[in-house]
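Worksheet for the structure shown next.
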Amino acid sequence: MHHRTVGELMTRDVVRARRDTQFKEIARLLTESGVTAVPVVDDLDRPMGVVSEADLLRKCADQADPTGLAPVPHREAWERAKAEGARAEELMSAPAVCAREDWNVVEAVRLMEAQQVKRLPVVDEADRLLGIVSRGDLLRIFLRRDDAIRDEITGDVLRRTLGLAPWEVTVDVHDGRVELGGTVASEGLIPVVERLCRSVDGVVEVSARLTRRTGDALPSPTAD
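Take 102 as the starting number for the sequence shown in this note's numbering and just add one per residue.
Put into structure tokens, the structure is as follows:
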């Protein structure tokens, strides 16, 4: 089975900031490029951190309310330092949480969830910036056509991986929802078929109406 990689889904033309890029220049980069965050790189183009809209807006949130009605929120020392920052290295969230281009979607999503980030700079073996992948980029796997999903399940999962004949299991796909029907040699094979089908890129859910072929002989118990 072919799982789409981070390298296939990422944006390669990356808008980036340097450690000394000023606050207003970062705001301009975000606005003109239509992005919500930019990686901050060092002189060797290695990601040091990421500056997002949230990082910049912290400066506004920490200012006194002109009406005097809303109190200034309590901030930790590091949060106050970021709110007072004027350069990328003072504003960024660091260190940068990065991915490799050969990772699959599952690996990238798990890292995003574990680190509670919305995007990952993608780096090469020397940790130089290659691209950036966002949650929206990863969601593109669910835009796969139903016929492409069906062909992969039928050809890669059922025939080449499991060695099943085309007539044994039927596959219907509608809006990413897979419906399986038919018979297989053993009950233990049913959860394997379901698990492998769920792992196909673009599958939303799997509904299996599979049974064991009654004509297949069960193994004889081993004598003591």
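The beta carbon of each residue, even a glycine, is placed where N, CA and C say it ideally should be.
Item, Value
"Within the stretch 208 to 268, ranges of the beta strand (DSSP E) (whole runs, at least 3 residues)", "220 to 224, 230 to 235"
"Simplified DSSP state of Pro-196, which is helix, strand or coil", "coil"
"Which of helix, strand or coil DSSP assigns to Val-307", "strand"
"Separation of Leu-259 from Pro-267, as counted between CA atoms", "8 Å"
"Leu-281 - DSSP class collapsed to helix/strand/coil", "strand"
"At least 3 beta-carbon pairs within less than 8 Å: the stretch 241 to 251 vs the stretch 117 to 136", "no"
"Short Cβ contact (8 Å threshold) for Leu-311 with Gly-283", "yes"
"Paired residues, beta bridge with Asp-137 - DSSP", "The amino acid at residue 137 is misidentified as Asp; the sequence shows Thr. BP columns for Thr-137 are empty, so no partner."
"C-alpha gap between Thr-122 and Met-213, whole angstroms", "26 Å"
"Top-ranked residue by Cα proximity to Pro-196, from Arg-211, His-103, Gln-216", "Gln-216"
"Spatially closest choice to Ser-235 from Thr-315, Ile-291, Val-210, by CA coordinates", "Val-210"
"Between the CA atoms of Arg-313 and Val-223 - distance to the nearest angstrom", "45 Å"
"Residue range of the unbroken beta strand (DSSP E) whose run includes Gly-289", "Premise fails: Gly-289 is in no beta strand (DSSP E) and is neither H nor E."
"Nearest-angstrom beta carbon gap, Lys-125 and Arg-159 [assumed within contact, 8 Å]", "Not really, about 15 Å apart at Cβ, beyond 8 Å."
"Helix, strand or coil at Arg-119 [DSSP, three-state]", "strand"
"Nonlocal neighbours in the same chain, by C-beta distance under 6 Å from Asp-156, ignoring five residues either side", "Leu-192"
"First and last residue of the uninterrupted alpha helix (DSSP H) at Gly-150", "Gly-150 -> not in any alpha helix (DSSP H); beta strand (DSSP E) instead, spanning 148 to 153."
"Reduced DSSP category for Asp-273 - H, G, I as helix; E, B as strand; rest coil", "strand"
"Thr-315, DSSP secondary structure in three states", "coil"
"Pair within 8 Å by beta-carbon distance, Arg-245 and Val-107", "no"
"Arg-296, buried or exposed, once every other Cβ within 10 Å from all chains shown has been counted against 16", "exposed"
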